[in-house]
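Note that our numbering gives residue 78 to position 78 of the sequence shown, counting from 1, and the numbers run on in steps of one. For each residue, glycine too, the CB sits at the ideal point set by N, CA and C. A quick note: this is a predicted structure, and the numbers were derived from the prediction, not measured.
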Amino acid sequence: MKRQLKLGVLASGRGSNLEAIIEAGEAGTVDALVVIVVSDVADARALELARRHRIEAVFVDPRLCATSEEFEAAVIDLLRKYDVELVCLAGFMRLLSPHFIRTYRNNIMNIHPALLPAFPGLHAQRQAIRYGAKISGCTVHFVDEGVDTGPIIIQAVVPVLDEDTEEILSARILTCEHRIYPRAIQLFAEGRLKMRDRRVLCHEGTDIPQQHEQQVWGAINP
1 MKRQLKLGVL
11 ASGRGSNLEA
21 IIEAGEAGTV
31 DALVVIVVSD
41 VADARALELA
51 RRHRIEAVFV
61 DPRLCATSEE
71 FEAAVIDLLR
81 KYDVELVCLA
91 GFMRLLSPHF
101 IRTYRNNIMN
111 IHPALLPAFP
121 GLHAQRQAIR
131 YGAKISGCTV
141 HFVDEGVDTG
151 PIIIQAVVPV
161 LDEDTEEILS
171 ARILTCEHRI
181 YPRAIQLFAE
191 GRLKMRDRRV
201 LCHEGTDIPQ
211 QHEQQVWGAI
221 NP
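In structure tokens form, the structure reads like this:
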């Protein structure tokens, strides 16, 4: 039996990417196991989802913590208790402090619904539509001290169509998120991700193959 990487997931909402990660692990397509889910929202669907899969689910109430440092200390204690090797952010709506990031340097992943470095921060899909972008997508990246500025691991591309609303584009991107987040975790689990300056390469020394939607390239090159 292959060794399974121990994942800790931080989530604030519905947990759709968490669900994709759990299902990939259960299907055997990812050599990783979610051992704990932590949320800062008491009724987050992510906690309910974790419990359905018999995964430890913990609500850490920020209101009971005097400072953000105290909140993060509680989270770190939980991650250490379960020997978490990779922290995955899945719709976690709190910024992590430099101390937290140093504690898990290059061991924290996030997924963002845009092709970083374009459209960082909140409402990335709305930003893409308002800017008039013709393509958008999603990015899995390591987390650093900035907002969506960490080294890029893998990206997927989708078209932005003339009739798109924020909701329609979000749904199109979300389908890709569910594909590439487990893929990035598997590359990490295999020990294939290496840093060169701020570039993330596979251990063979080549760039990580980027997934894309075929209709994007057809639209660009008819």
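Among the options, which has the Cα closest to the Cα of residue i?
i      : options                          : result
Leu223 : Leu79, Phe71, Ile21 and Gly15    : This structure does not reach residue 223, given that the chain is present from 1 up to 222, and the question cannot be answered.
Val34  : Leu89, Asp43 and Glu69           : Leu89
Glu72  : Glu177, Val157 and Ser39         : Ser39
Asp18  : Ala42, Arg52, Arg3 and Gln4      : Before going on, a small fix: residue 18 reads as Leu here, not Asp. Ranking the options by Cα distance to Leu18, first place goes to Arg52.
Glu69  : Lys6, Val41 and His99            : His99
Val41  : Ile55, Val30, Met93 and Thr29    : Met93
Thr165 : Val37, Ile101, Ala156 and Gln125 : Gln125
Val37  : Ala74, Phe59 and Lys134          : Phe59
Gly91  : Leu201, Ile55 and Gly13          : Gly13
Leu174 : Gln155, Asp162 and Thr103        : Gln155
Ala24  : Val200, Arg198 and Ala189        : Ala189
His178 : Arg199, Ile22 and Ala46          : Ile22
Check residue i in the structure and name its three-state DSSP category.
i      : result
Leu78  : helix
Arg54  : coil
Ala73  : helix
Leu47  : helix
Ser68  : helix
Ala219 : For Ala219, the predicted structure reports a pLDDT of 34, less than 50, and the residue's modelled location is therefore unreliable. A value from the coordinates is still provided. If DSSP states are grouped into helix, strand and coil, Ala219 belongs with the helices.
Phe59  : strand
Pro120 : coil
Ala114 : coil
Arg94  : coil
Tyr181 : helix
Glu166 : helix
Thr149 : coil
Glu23  : helix
Can you tell me which residues form a DSSP beta bridge with residue i?
i      : result
Lys6   : Leu33
His99  : DSSP lists no partner for His99.
Ile154 : Val140
Arg199 : Arg196
Cys88  : Val9 and Met109
Val38  : Leu10 and Val58
Pro159 : Ile135
Say whether the segment 117–124 touches the segment 73–84, bearing in mind that this needs 3 or more beta-carbon pairs closer than 8 Å, one atom from each stretch. Touching, no.
Taking three-plus beta-carbon pairs below 8 Å as touching, is the segment 165–175 in contact with the segment 192–200? With a cut-off of 8 Å on Cβ pairs, the segment 165–175 is not in contact with the segment 192–200, counting fewer than three such pairs.
Per the contact definition of three or more C-beta pairs closer than 8 Å, is the segment 104–112 in contact with the segment 140–154? Three or more Cβ pairs drawn from the segment 140–154 and the segment 104–112 lie within less than 8 Å of each other, which places the two stretches in contact.
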